[in-house]
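Top line first, the protein sequences correspond to chains E and V. Count along the first sequence starting at 1, add 41, and that's the number in the numbering used here. Count along the second sequence starting at 1, add 41, and that's the number in the numbering used here. Ideal Cβ placement from N, Cα and C applies to all residues, glycine included. This structure is a prediction, so every number in the text was calculated from the model and none was measured. Written below as structure tokens is the structure these notes are about.
Number of protein chains: 2
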Amino acid sequence: MESLGLLGHSLASAKEFNAPKRSDLTMANKNGKKIIILGAGIAGMAAAYELGKAGYNCKILEARDRTGGRNWTVRQGTTETEINGVKQTSKFDKGQYMNAGPARIPQHHVTLDYCRELGVELEVFANSNEFSYYYQENAGPLSNQKIRKGTVKSDTRGYVSELLAKVADKTSLDSPLTKDDIEKLTAYLKREGDLSTDYTYKGSSRRGYKELPGGGHQPGTIDQPYSFSELLQSGMMNNISGDYSFQQQPMMFQPVGGMDQIPKALEKQLPGIITFGAEVQEIRQTANGVRIVYKTKADGKTKEITGDYCICTIPLPVLKNISADFTEPMKNAIRSINYAKTGKIGFQFKNRFWEQDDRILGGITTTNMDISQIWYPSYGYLSQKGVLIGYYNFGQNAVDYGDLSLSQRQARALNQGAKIHPQYSKEFENSFSVAWHKIKYNEGGWAEYSASDLKSYYPILNEPQGRVHLAGEHLSYLTGWMAGAFESARIVVSRIHEDVLKEGKVPSKVG
Amino acid sequence: MESLGLLGHSLASAKEFNAPKRSDLTMANKNGKKIIILGAGIAGMAAAYELGKAGYNCKILEARDRTGGRNWTVRQGTTETEINGVKQTSKFDKGQYMNAGPARIPQHHVTLDYCRELGVELEVFANSNEFSYYYQENAGPLSNQKIRKGTVKSDTRGYVSELLAKVADKTSLDSPLTKDDIEKLTAYLKREGDLSTDYTYKGSSRRGYKELPGGGHQPGTIDQPYSFSELLQSGMMNNISGDYSFQQQPMMFQPVGGMDQIPKALEKQLPGIITFGAEVQEIRQTANGVRIVYKTKADGKTKEITGDYCICTIPLPVLKNISADFTEPMKNAIRSINYAKTGKIGFQFKNRFWEQDDRILGGITTTNMDISQIWYPSYGYLSQKGVLIGYYNFGQNAVDYGDLSLSQRQARALNQGAKIHPQYSKEFENSFSVAWHKIKYNEGGWAEYSASDLKSYYPILNEPQGRVHLAGEHLSYLTGWMAGAFESARIVVSRIHEDVLKEGKVPSKVG
């Protein structure tokens, strides 16, 4: 893949991963070693899957009665009890679902490679849809109007291109461009902004039509553009670059039938390896291995299991309350990392009014109201009912929906959404809301490292504690993405396998 | 939908269409009238479908043994003989296909409404994919390099934003913007271009990474941006606005299983109405009706059928050679309209190297070579084999692939494509190429009206000749789109229905 560097970026997996092979293992360790893995989320199962290929004996302890962790698809009958005791059960119709955790996969993520290897069928996740809306409050003359993203982009490109085209030849630019470059730039700006021959922006069919072109004598009529000043005051254009992030550029993908098709496919590869309902109580180092104490939810009994190594994928907010033989710096690092307060609400509606009335099939509406976003479903297009995401809330500088009661979350999001889609009230059926920082065994959306955290704590968290290795999205530069969990698992698998191949080079007990 | 005008554009069907209702018809014409429709493409079947709802007695004459016309999905065993006698049979594997004609549906087209009404399942057509490439020849330092569209866009936005940000506050702009507006503009440009604090563009993770971020100690490394001058000379940026057209803005859609699911769904609504293998020979006006003479391919016999009205959807290059009772101005108009020389080639490959090696799932690569574009399939992601479109050729200012032999088309497109995807030679299996101007009963891609054609000929073509009405994409401002055929059919249906409801107001015989 080296050569692909030329293409603007390499698309090799971040680090070449040499998957352990059965042939690697000598007679001395022909059954590999026994690896105790804590957590049957993406990282834990990916580690067991890769180690298993080489003949390692893996055991996974999972506190829940399901795999996937934050990769969680809410369907009819899904129940959840938040740590404060608030309980809800999904009333979605059969076939309707929401991906409460990860919901989109970029093309360059290793996640795609696992989907291919495990036979997980993909479809497009419509992340960027020019037909979805911007809606701003307290933002000048365009306040409280829903405006198509494509319309805002066309007008913005038009005015920006006009401004630059008019001065492009002026020395005031003091740019290194040659006269020929500047001619090419001006020609480009004319196309980019759809400018008239005098390089002014007078509107464009790109922004949409007042009356659409059609058959017979209907050429279509174009609306006047918004004024540049109106647009600038609206702030809508500041949301455009949200789609430019390398993690969010089109196309993006989702598994057909729900994101949990990925953990389900991994689980299928791990028969008899996962113990469900096993709450980890202690993580101990022994002379030449590890000892894990856990409580079984079924009978409340305390049990223990020993192994040669431990891979701990437990999220840090949960891990910090588990007694473990970790060094003080490690314990301090685990305590110190902040996790995202984030959540979503799924609204089931009787009819897909966003498709029928607004002609929006998939995509995301963006607003400065605290619901932040409305996600239209990327599956079941043109069918009758649908589940959309009524808010995707990050907590920072916004109301923490997790602090509200279930009915308050629903009422607040319905009220705000109805300003964009008045059909809300008539079409609403039921909702299911998830606040990750209120969910047992997670207590947060994803690790949020500050620059100083990355300097002081992140290196410590990445160092094994004797034979215990931490893995998960929080041990990656792709926090909040499944790819972070996969990449982290692959690194820990490589490290342990290297240790095993270096006889007697296992680090001694710590803490 | 009026109010939607506020949204930047209305999304009502171009013209409100009042579908004929059974209750409209009085005793006098309780069986409606007999309508002879020429052509079982989108326009012809849509007209029969809408008239049939009201109880009209429709008969469709179709020269081919299939419906759909230019809406044509090529699959295993599909055969075609071009007008010069060149014959080919598709060797695509089962499940592989190419949409030889229309291949994408925008959200605002009436086509979507028919898909909903007829139960045609949709999936996303990946029209805009930032991971697909630009590839230019003879275009300066970046010639003969495939560069991700997202990379070109990021660098272009960076430099353009930098240029404008540096002069935004200068009076030289002489723009109507206030000081506050200009501050907002500068803040926007900083986001739009991902500029550094001194408002210069130094590259951005948006363009992609040299080494991707991953697990553990892999923050990822970013490549240097291309120089602005290199980019301008490459001309790649001039292709960016191709995605801005209102007809091509994301999201776009395609029927699951091939575009011909639309004609198949219409056909299902028209049992016993379509006569296949019927080549129209004459279109005659009678005292109070129409008489159509046709030859049946089965036995070569000449037959005729009479009716009250005729809807003729035959493409103009074919219609001009059919003897018809048309006025001279009409005959002249029919003769005078140019049709697009356009075609596609489908390449079946053993492996989806574009997905596995290039991480491109769907989308279009754009080049200044005469293949113009490479379309990656928007279905069957992550599966093994795939059919991509090796060229999409419009004829103008380019080699007309239709003038080449089948083997020349294949060789030329393989050779050019291999410059972007060297895997072509190793992975190629077979091809099927379509040149619409060489295909009997079409003889062109779509009507191409010049501004003067629209003034002088288009109005004549839209006027009924006695009881004969023309319909099809060529009678719309959406030429080349299925929506043009649907909208035109709806207008002609409305016109005929109005005539029928106005007893005795039927125009007299012409020609």
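Classify Q129(E) as helix, strand or coil using the three-state DSSP reduction.
-> Here residue 129(E) refers to the residue found at position 88 when the first sequence is read from its first residue. Of the three classes helix, strand and coil, the one that applies to Q129(E) here is strand, per DSSP.
In chain order, what residues of the region 287-312 of chain V put their CB closer than 8 angstroms to some CB of chain E?
-> Answer in chain order: F287, Q290, P291, M292, F294.
Compute the beta-carbon to beta-carbon distance between M292(V) and G403(E), rounded to the nearest angstrom, for a pair I have assumed lies under 8 angstroms.
-> One-based indexing of the second sequence puts residue 292(V) at position 251. One-based indexing of the first sequence puts residue 403(E) at position 362. Right, their Cβ atoms sit about 5 angstroms apart.
Using a Cβ cut-off of 8 angstroms (strictly closer), state whether G525(V) contacts chain E.
-> Reading the second sequence from its first residue, position 484 is the one you call residue 525(V). G525(V) belongs to the set of residues whose beta carbon lies under 8 angstroms from a beta carbon in chain E.
Cβ of E123(V) within 8 angstroms of Cβ of I480(V)?
-> Indexing the second sequence from 1 puts residue 123(V) at position 82. Indexing the second sequence from 1 puts residue 480(V) at position 439. Yes, they are a contact pair.
Any Cβ of chain E within less than 8 angstroms of the Cβ of G556(V)?
-> Here chain V comprises residues numbered 42 to 552, so residue 556(V) is not present and cannot be evaluated.
Buried or exposed: where does H149(V) fall if 16 or more other Cβ atoms within 10 Å of its Cβ makes it buried?
-> Counting from one through the second sequence, the residue named residue 149(V) turns up at place 108. Label assigned to H149(V): buried.
Within the region 264-323 of chain V, note down every full beta strand (DSSP E) run reaching 3 residues or more, in order along the chain.
-> 293-296
Counterpart residues of K100(V) in DSSP-defined beta bridges | Counting from one through the second sequence, the residue named residue 100(V) turns up at place 59. For K100(V), which the question treats as bridged, DSSP gives the partners I77(V).
Anything in chain E within Cβ reach of C156(V), meaning under 8 angstroms, just list it in chain order.
-> As a first step, residue 156(V) is located in the second sequence; it is residue number 115 there, counting from the start. Correct list: L423.
Within 10 angstroms of its Cβ, does E103(V) collect 16 or more other Cβ (buried), or is it exposed?
-> As a first step, residue 103(V) must be located in the second sequence, where it is residue number 62. It is buried - the Cβ of E103(V) has at least 16 other Cβ atoms within 10 Å.
Inside the region 397-462 of chain E only - alpha helix (DSSP H) runs reaching at least 4 residues = 447-461
Under a three-way DSSP split, which group does V161(E) fall into?
-> If you number the first sequence from 1, residue 161(E) lands on position 120. It is coil, neither helix nor strand.
Under the assumption that S472(E) contacts Q451(E) (Cβ atoms under 8 angstroms), give the Cβ distance between them as a whole number of angstroms.
-> Taking the first sequence and counting its residues from 1, the one referred to as residue 472(E) is at position 431. Taking the first sequence and counting its residues from 1, the one referred to as residue 451(E) is at position 410. Confirmed, about 5 angstroms.
C-alpha distance - W416(E) paired with C156(V), whole-angstrom precision | Position 375 of the first sequence, counting from 1, holds the residue named residue 416(E). Position 115 of the second sequence, counting from 1, holds the residue named residue 156(V). Cα to Cα, W416(E) sits roughly 23 angstroms from C156(V).
Residues sharing a beta bridge with Q389(E), DSSP = What you label residue 389(E) is simply residue 348 of the first sequence in a count that begins at 1. Bridge partners of Q389(E): V428(E), N471(E).
Throw me the rounded Cβ distance for the Y200(E) and Y242(E) pair, which I believe falls under 8 angstroms.
-> Counting from 1 along the first sequence, the entry for residue 200(E) is found at position 159. Counting from 1 along the first sequence, the entry for residue 242(E) is found at position 201. About 5 angstroms separates the two Cβ atoms, so the contact holds.
Return the residue from the list T114(E), E233(E), A88(E) that minimises the CA-CA distance to K194(E).
-> Start at 1 with the first residue of the first sequence, and residue 194(E) comes out as number 153. The residue among T114(E), E233(E), A88(E) with its C-alpha nearest the C-alpha of K194(E) is E233(E).
To the nearest angstrom, how far is it from the Cα of E91(E) to the Cα of P356(E)?
-> Sequence index remark: in the first sequence, residue 91(E) carries index 50 (1-based). Sequence index remark: in the first sequence, residue 356(E) carries index 315 (1-based). Going by the C-alpha atoms only, they are around 21 angstroms apart.
Residues bridged to V509(V) [DSSP beta-bridge criterion] | By one-based count along the second sequence, residue 509(V) stands at place 468. The beta-bridge partner set that DSSP reports for V509(V) consists of C351(V), Q506(V).
Taking only the alpha-carbon atoms, compute the straight-line gap between Y138(E) and T114(V) and give it to the nearest angstrom.
-> Looking up residue 138(E) in the first sequence gives position 97. Looking up residue 114(V) in the second sequence gives position 73. If you take the alpha carbons of Y138(E) and T114(V), they lie about 33 angstroms apart.
Please check if any C-beta of chain E sits within less than 8 angstroms of the C-beta of I532(V).
-> On the second sequence, position 491 is the one that residue 532(V) refers to. Output row for I532(V): interface = yes.
Taking only beta-carbon positions, decide if K543(V) is within less than 8 angstroms of chain E.
-> Counting from 1 along the second sequence, the entry for residue 543(V) is found at position 502. No, no contact with chain E.
Within its chain, find whatever has a CB closer than 7 angstroms to the CB of V440(E); leave out the 5 residues flanking it on each side and keep chain order.
-> Stepping through the first sequence from its first residue, residue 440(E) is reached at position 399. The answer, listed in chain order, is D411.
What's the C-alpha gap between P548(V) and V331(V)?
-> Start at 1 with the first residue of the second sequence, and residue 548(V) comes out as number 507. Start at 1 with the first residue of the second sequence, and residue 331(V) comes out as number 290. At P548(V) the pLDDT is 45, less than 50, meaning the model places this residue with poor confidence; the figure from the coordinates comes in the next sentence. P548(V) and V331(V) have their C-alpha atoms roughly 12 angstroms apart.
Mind listing which residues of the region 404-416 of chain E have their C-beta closer than 8 angstroms to chain V's C-betas, in chain order?
-> G404
Please classify R105(V): does DSSP put it in a helix, a strand, or coil?
-> Here the question's residue 105(V) lines up with position 64 in the second sequence. In the structure shown, R105(V) sits in coil (DSSP, three-state: anything other than H, G, I, E or B).
Would you kindly report the start and end of the unbroken beta strand (DSSP E) that includes T122(V)?
-> The residue you call residue 122(V) lines up with position 81 of the second sequence. For T122(V), the enclosing beta strand (DSSP E) has its first and last residue at 120-122.
Terminal residues of the continuous alpha helix (DSSP H) containing V541(E)?
-> By 1-based counting over the first sequence, the position of residue 541(E) is 500. Note, V541(E): alpha helix (DSSP H), 523-542.
In chain E, which residues lie less than 8 angstroms from V359(V) when you measure between Cβ atoms?
-> By 1-based counting over the second sequence, the position of residue 359(V) is 318. The premise fails here: V359(V) is roughly 20 angstroms from chain E at the closest Cβ pair, so nothing lies under 8 angstroms.
Extent of the continuous beta strand (DSSP E) to which V334(V) belongs | As a position in the second sequence, residue 334(V) is number 293, starting the count at 1. 330-337 is the span of the beta strand (DSSP E), which, as asked, contains V334(V).
Put S64(E) into one of helix, strand or coil per three-state DSSP.
-> The count along the first sequence starts at 1 and reaches residue 64(E) at position 23. Reduced to three states, the DSSP call for S64(E) is helix.
Relative to chain V, which residues along the region 105-123 of chain E have a C-beta separation below 7 angstroms, given in chain order?
-> none
Backbone CA spacing between L3(E) and K305(E) [nearest angstrom] | The requested residue 3(E) is not part of the displayed model; chain E covers only 42 to 552.
Inter-stretch contact (C-beta, 8 angstroms, three-pair minimum) for the region 129-137 of chain V and the region 319-331 of chain V = no
Proximity winner among K94(V), D65(V), C99(V), relative to T347(V) (alpha-carbon distances) = The count along the second sequence starts at 1 and reaches residue 347(V) at position 306. Of the listed residues, the one whose Cα sits closest to T347(V) is C99(V).
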